[in-house]
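Throughout the sequence shown, residue numbering follows numbering that gives the first Met the number 0, covering 0 to 453 in sequence.
All residues carry an ideal CB built from backbone N, CA and C; glycine is no exception.
Remember, it's a predicted structure, so these values are computed and weren't measured experimentally.
Notes for the one structure printed next.
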Amino acid sequence: MAQRSIRRWLLGAALSLGVAALPAPAEAKERVVYDLGQILEIAERNHPNVLAARARLAQVRAQLDEAHRAPFSQFRMSGGIGLAPTVLGNNVFSPNTDVSLTSSLGLAWRASVDGVVPLWTFGKITNLWEAAEANVEVNKANVEKERDAVRLDVRRAYFGLQLARDGALLLKDVRGAIDKAIGKMKESIEEDEGDPVELFKLQTYTAELEVRESESARYMTVALAGLRFFTGIADLDIPDAPLKPPKHKLGHVSRYLTAARLHRPELAMARAGVQARRAQVEVARAQLFPDIGLGLNAGYARAPEVANQINPFGGDTANFFWYGAAVVFNWKLDFLPQSSRIQFAEAQLEEMRATEKYALGGAGVEVETAYAEVVDWQKRVDAYSKAVSYARKWLVTVQQGIDVGTREDKDVLDPAKAFATNRFSLMNATMELDLAMSRLAKATGWDAIAPDGL
Numbered sequence: 000m001a002q003r004s005i006r007r008w009l010l011g012a013a014l015s016l017g018v019a020a021l022p023a024p025a026e027a028k029e030r031v032v033y034d035l036g037q038i039l040e041i042a043e044r045n046h047p048n049v050l051a052a053r054a055r056l057a058q059v060r061a062q063l064d065e066a067h068r069a070p071f072s073q074f075r076m077s078g079g080i081g082l083a084p085t086v087l088g089n090n091v092f093s094p095n096t097d098v099s100l101t102s103s104l105g106l107a108w109r110a111s112v113d114g115v116v117p118l119w120t121f122g123k124i125t126n127l128w129e130a131a132e133a134n135v136e137v138n139k140a141n142v143e144k145e146r147d148a149v150r151l152d153v154r155r156a157y158f159g160l161q162l163a164r165d166g167a168l169l170l171k172d173v174r175g176a177i178d179k180a181i182g183k184m185k186e187s188i189e190e191d192e193g194d195p196v197e198l199f200k201l202q203t204y205t206a207e208l209e210v211r212e213s214e215s216a217r218y219m220t221v222a223l224a225g226l227r228f229f230t231g232i233a234d235l236d237i238p239d240a241p242l243k244p245p246k247h248k249l250g251h252v253s254r255y256l257t258a259a260r261l262h263r264p265e266l267a268m269a270r271a272g273v274q275a276r277r278a279q280v281e282v283a284r285a286q287l288f289p290d291i292g293l294g295l296n297a298g299y300a301r302a303p304e305v306a307n308q309i310n311p312f313g314g315d316t317a318n319f320f321w322y323g324a325a326v327v328f329n330w331k332l333d334f335l336p337q338s339s340r341i342q343f344a345e346a347q348l349e350e351m352r353a354t355e356k357y358a359l360g361g362a363g364v365e366v367e368t369a370y371a372e373v374v375d376w377q378k379r380v381d382a383y384s385k386a387v388s389y390a391r392k393w394l395v396t397v398q399q400g401i402d403v404g405t406r407e408d409k410d411v412l413d414p415a416k417a418f419a420t421n422r423f424s425l426m427n428a429t430m431e432l433d434l435a436m437s438r439l440a441k442a443t444g445w446d447a448i449a450p451d452g453l
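Take a look at the structure:
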């Protein structure tokens, strides 16, 4: 009876673990082993989404540099070189005619530069700079947003592998005991002392375990493939370390709501978006006023075959050098269309302010939801820890009773099955607690509270 009860317990424990546990794959000859902190750092360097976000940040930084330099680079240079006929004389008399093509030609060249240095634009330049700087802040926050998403994906895969390996070790022990029990049962049946029905039941359950193991192996392959994709390391593996609960001690929910307002990337993006839209409104309003600047120009022309005219009242387009400076202005008098553009910019600003409110409220909901999950899983971990302790004491007590003859062998089934089931439930709850803390870290933008936070 004792052997039969123990076999039944091993069978039940194996089935409960086989559905959720993922067996560890065969060891590679040479593994590249990194812990969670190292994998997070590598994934941040190599993940395509983070690389793309960094590239977009580099683009807007280049646009910011362009915005700073463009207003002071409004200069244009033009010139050319060609043939000119010989022309002598002055504005009173010349022995030559105005024929362009003659038998006597020579080279002529000309070059000129002109432009404006802005002096006063009524805020157009400074507000354009502010908008460009806000765009940079948006993309900085977007990089952090992509990092947070990658961190959560990495942790999800990492903790899943840890649970798989912890469960696989327990499943391996149970499976070994089942195989051993099958062998002994076959021997007892051959000696006409065992029950063939019990053997058929055990073999049926063993076949079910094989199905679960095959399914679990597929999940393990997918999880490892994900981690290797995140890091770009083909032979990456994780240490053979058991699951542990997060080190961060949970505080009051208000602490995490404040952290979200300070660190959440989406909120930073919304605030920067409002700043950019506000600057664009000011730019639209400044378009109602003229641009005032210092106009500069200079030029030089030379045609050796054409006589230089020194009379200031005579035009000379062939040989001259000039330069000049003046205060100039440019004013677009499209006031009615510009008023519509101002209304359009103001509407965009209001839209962005509404988006900021939505982001703030949504972040608060996410923080409170993640916080509630952490509290829930902490309570479950505590409850399962107590259950494992009670089941262990229950099992030891029953085993001692069997040893002294006060209990029957079949009484070991229930405490043994309860111990195995609650032990796996404790491992699963520990993984869920790690993930819940990781989600709370993402919701607040406070990655340090997550396991091995950066």
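DSSP beta-bridge partners of Phe-328: Its beta-bridge partners are Ile-291.
Strand pairing of Ala-83, partner residues [DSSP]: Its beta-bridge partners are Gly-105.
6 Å CB neighbourhood of Val-387 in its chain, flanking five on each side removed: A distance below 6 Å between beta-carbons, with the five flanking residues on each side excluded, links Val-387 to the following residues of its chain, in chain order: Asn-421, Arg-422, Leu-425.
As assigned by DSSP and simplified to three states, the class of Pro-47: Collapsing the DSSP output to three states places Pro-47 in a helix.
Cβ neighbour criterion (16 or more within 10 Å) applied to Val-373: Classified as buried, Val-373 has 16 or more neighbouring CB atoms from the shown chains inside 10 Å of its CB.
Spatial distance of Lys-441 from Asp-290 (CA atoms): Approximately 47 Å between the Cα atoms of the pair.
Segment limits, alpha helix (DSSP H) that includes Lys-336: A quick correction: the sequence has Pro, not Lys, at residue 336. Segment 334-403, the alpha helix (DSSP H) holding Pro-336.
Helix, strand or coil at Ala-297 according to DSSP, with G and I counted as helix: If DSSP states are grouped into helix, strand and coil, Ala-297 belongs with the strands.
CB contact check: Glu-189 to chain B, cutoff 9 Å: No chain B is present in this structure, which holds just one protein chain.
Through-space distance from Val-327 to Ile-341, alpha-carbon basis: C-alpha separation (whole angstroms): 26 Å.
Bridge partner(s) assigned by DSSP for Ser-77: Paired residues: Ser-111.
Span separating the alpha-carbon of Arg-270 from that of Val-137: Arg-270 and Val-137: Cα-Cα distance of roughly 8 Å.
Reference Thr-120; option with closest CA among Leu-359, Ile-188, Asn-329: The candidate whose alpha carbon is nearest that of Thr-120 is Asn-329.
Cα-Cα separation between Asn-48 and Leu-434, rounded to whole angstroms: Roughly 21 Å between the two C-alpha positions.
Tyr-322 (DSSP reduced to helix, strand or coil): Correct three-state label for Tyr-322: strand.
Assigned secondary structure, Asp-236 (DSSP; H/G/I helix, E/B strand, else coil): Strand, per DSSP.
Spatial neighbours of Ala-131 in its chain, beta-carbon cut-off 7 Å, leaving aside the 5 residues before and after: Taken in chain order, the residues that qualify are Gln-62, Leu-63, Ala-66.
Residue nearest to Ile-448 in terms of C-alpha spacing, selected from Ile-181, Tyr-157, His-262, Leu-162: Closest by alpha carbon: His-262.
Chain-order list of residues whose beta-carbon lies under 8 Å from that of Tyr-157 (same chain, five-residue window excluded): Once the five neighbours on either side are set aside, the close Cβ partners of Tyr-157 are Leu-35, Ile-38, Leu-226, Ile-237.
Nonlocal neighbours in the same chain, by C-beta distance under 6 Å from Gln-2, ignoring five residues either side: Annotation note: pLDDT 42 at Gln-2 (below 50); position unreliable, coordinate value reported separately. Closer than 6 Å at Cβ, skipping near neighbours: no residue.
Inter-residue CB distance, Leu-104 and Leu-127 (contact presumed, cutoff 8 Å): 50 Å between Cβ atoms; not a contact.
Three-pair Cβ contact test at 8 Å for the region 142-153 versus the region 253-267: The answer is yes - the region 253-267 touches the region 142-153, with three or more Cβ pairs under 8 Å.
Status (buried if at least 16 other CB within 10 Å, exposed otherwise) for His-251: Label assigned to His-251: exposed.
Three-pair Cβ contact test at 8 Å for the region 290-303 versus the region 106-125: With the cut-off at 8 Å, the region 290-303 and the region 106-125 touch.
Neighbourhood of Arg-276 by C-beta distance below 6 Å, restricted to the same chain and skipping five residues each side: The beta carbon of Arg-276 is closer than 6 Å to those of Gln-347, Leu-348, Met-351 in its chain, skipping five residues each way along the sequence.
Collapsed DSSP secondary structure at Leu-118 in the structure displayed: It is a strand residue.
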